[in-house]
Amino acid sequence: MQKILKILGKRGRITIPWEIRGELGFAHNDVISFEQSGDAVLIRREKLCDGCITVSKPKDNATALTELLEDATPEEIRTALIQLSVRWAELQARGDKNA
């Protein structure tokens, strides 16, 4: 996987990139642990009980997009809106009936 860079926010918050969350199956309300190892941080999804049954359902694109934007900063949301608006306008100009 390609290295992904993120900027730590003013309040010390960071979002785990969507690509990584999707690959590892991280979901809303998962319990995540952080462990320091030298100058790196190991992030794990934790299981709070033995014998738990985990049922995961596939996410549709709208759910994935909502989760992605959930922790985004206002500037990131603004940038996403601009990009989506440009994409939608391009589809409209091509006469895409689904746009």
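Residue numbers (the working numbering): 33 to 131.
A virtual CB, placed ideally from N, CA and C, is assigned to each residue, including glycine.
Whether residue i touches residue j by CB criterion (7 Å)
i: Ile-109; j: Leu-101; result: yes
i: Arg-45; j: Asp-62; result: no
i: Ile-64; j: Pro-49; result: no
Where residue i falls: helix, strand or coil (DSSP)
i: Ile-52; result: helix
i: Ala-112; result: helix
i: Ala-72; result: strand
i: Arg-43; result: coil
Length of the line joining the Cα atoms of residue i and residue j
i: Phe-58; j: Thr-111; result: 24 Å
i: Ala-72; j: Leu-56; result: 19 Å
i: Ala-104; j: Cys-81; result: 31 Å
i: Leu-40; j: Thr-95; result: 25 Å
i: Arg-119; j: Gly-70; result: 43 Å
i: Gln-124; j: Ile-114; result: 15 Å
i: His-60; j: Glu-99; result: 8 Å
Reference residue i; option with closest CA among the options
i: Lys-42; options: Gln-34, His-60, Thr-98, Pro-106; result: Pro-106
i: Gly-54; options: Leu-40, Ile-39, Asp-92, Glu-67; result: Asp-92
Min CB distance residue i to chain B below 7 Å
i: Lys-79; result: In summary, chain B is missing from the structure at hand, where a single protein chain is found.
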